[in-house]
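Scroll down for the structure; my scribbles are underneath it.
Numbering (the working numbering), first residue to last: 12 to 463.
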């Protein structure tokens, strides 16, 4: 029996910190506020927090789920990827990228080393992977072939979408990685008495394999069933992880921005169908007058810039919400879809950090408060989240980027009350922020995967 992550189930909540960060999320505005507490915070940026819902199903072990790659172009490219990936060698992955990707994609993503470094980061998070199956799934208006891979040590599922040329040699034109989701398998649920012993053994193996460092709390029916800390909080000082370690919540912070927008809508200070231009008139009018707050919240705006390296570099230097807005305005003609002149809202789901940046601007302008102050006063304080807050990366107070929301495991119950709206929204508006309504979130966002 193994413990598998599963998407959007209301069972138990496990808050963990993975030691290595995905570079594509290194500067998520408002997705990353940093805590102001005077308690010890690790001095180096070690990682984002992944907060995932856990179930204990009867899943097969890694060796039992390995399948046979099909004799197709996708199967061939997947095999080449796994061979390079499982070597753990950056040079091997660079070789795969150089040989298997089209030059245009390599250039757009910053070069073969940048692409390979992304995959090396996935390896550090998940360890070696085995092939499980290929699933045809409809994603919005598109049908994708998802290659499901399973961690030999981590036992974590990863879905990989490799987009290939239509003719030989079938090189890779693009790729996506789906984390914190799994194939459409129906596990048999049970709650073994030895779950604590199992988790301790599993997490110890993960830490020993240098795949995981973090603090874990498992609760059932409001009671703590298991808690433990593994690995290092700060490797440079050899400080080990503890249950009081504070975590950078990264994109999970999107839910706080979403709740803030819902509160302001409840207070009559904005409407979900308001156009963005009402609050950000300096944005190009042919974009701002088409995109609604609802589309920003549900990742359907089509405003995305993070394929352009210069935008990412400048955004990382921003020290305020307005700085990030100005960076968007500077590079707005570099939209990922290349459709600046004939822009239309996407109308379907495509995860974007830039939309959340713009929501942060709207929160400030609709509330007449800074984003950190609004979140602290109207969400953290109301929910009794005394160990969660915002600060700058260098310890100075103020509104800067990157941000991170940090918390201890002991405040997780208060966090659930906050994001569930129990203390922040009345029942009518609470229904709007849960995942079933898909108003503030869309399938695959941090909110669904980490909180519900």
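We treat Cβ as the ideally placed atom computed from N, Cα and C, and that holds for glycine. None of the values given here were measured: they were computed from a predicted structure.
For residue 223, the three-state secondary structure derived from DSSP is coil. For residue 267, the closest C-alpha among the options 401, 301, 205, 108 is that of 401. Excluding five sequence positions before and after residue 104, the CB atoms of its chain that fall closer than 7 Å to its own CB belong to 95, 96, 127, 130, 131, given in chain order. A direct Cα-Cα distance of roughly 12 Å separates residue 240 from residue 257. When 222, 221, 227, 87 are compared, the shortest CA-CA separation from residue 210 is found for 227.
Counting along the chain, the unbroken alpha helix (DSSP H) around residue 277 starts and ends at 265-277. Under the 10 Å beta carbon count, residue 398 is surrounded by 16 or more other beta carbons and is classified as buried. Note on geometry: alpha-carbon atoms of residue 213 and residue 223 lie some 10 Å from one another.
Of the candidates 375, 87, 215, the residue whose Cα lies closest to the Cα of residue 174 is 87. Assigned with DSSP and collapsed to three states, residue 135 falls in helix. Taken in chain order, the complete beta strand (DSSP E) segments of 3 or more residues contained in the stretch 326-376 number zero; there are none. Counting C-beta atoms within 10 angstroms of its own C-beta, residue 383 has 16 or more neighbours from the protein chains shown and is therefore classed as buried. Its chain contains 288 as the residues whose beta carbon lies nearer than 8 Å to that of residue 296, once the 5 sequence neighbours on both sides are disregarded; these appear in chain order. Per DSSP, residue 187 is one residue of the beta strand (DSSP E) stretching across 183-189.
Under the three-state reduction of DSSP, residue 291 is assigned to coil, being neither helix nor strand.
Note: residue 303 is bridge-paired with 286 in the DSSP secondary-structure output.
Under the three-state reduction of DSSP, residue 97 is assigned to helix. Across the set 364, 280, 158, the C-alpha of 280 shows the shortest separation from the C-alpha of residue 374. In this model, residue 85 and residue 246 are separated by some 39 Å (Cα to Cα). It is roughly 14 Å from the alpha-carbon of residue 360 to the alpha-carbon of residue 302.
In its chain, beyond the 5 residues on either side, 302, 306, 356, 366 have a beta carbon closer than 6 Å to the beta carbon of residue 312. DSSP places residue 236 within a strand segment (E or B) once states are collapsed to three. If you draw a straight line from the Cα of residue 271 to the Cα of residue 327, it is about 24 Å long.
DSSP places residue 156 in the uninterrupted beta strand (DSSP E) bounded by 153-162. For residue 117, the enclosing alpha helix (DSSP H) begins and ends at 114-119. Nearest to residue 369 by alpha-carbon distance, out of 107, 340, 261, 106, is 340.
By the Cβ neighbour-count rule, residue 218 is buried, with 16 or more other Cβ atoms within 10 Å of its own.
Check the Cα spacing between residue 134 and each of 100, 83, 392: the tightest is with 100.
Note on geometry: alpha-carbon atoms of residue 321 and residue 124 lie some 17 Å from one another. Of the residues assessed, residue 154 falls on the exposed side of the cut-off, its CB having fewer than 16 other CB atoms within 10 angstroms. Between residue 160 and residue 140, the C-beta gap is smaller than 8 Å, which places the two residues in contact.
The alpha-carbon of residue 314 is positioned some 37 Å away from that of residue 163.
The three-state secondary structure of residue 244, taken from DSSP, is strand. By the C-beta density criterion, residue 147 is exposed, having fewer than 16 other C-beta atoms within 10 angstroms. Rounded to whole angstroms, the gap between the alpha carbons of residue 118 and residue 232 is 51 Å. Residue 319 sits close to residue 345, with the two beta carbons spaced by under 8 Å.
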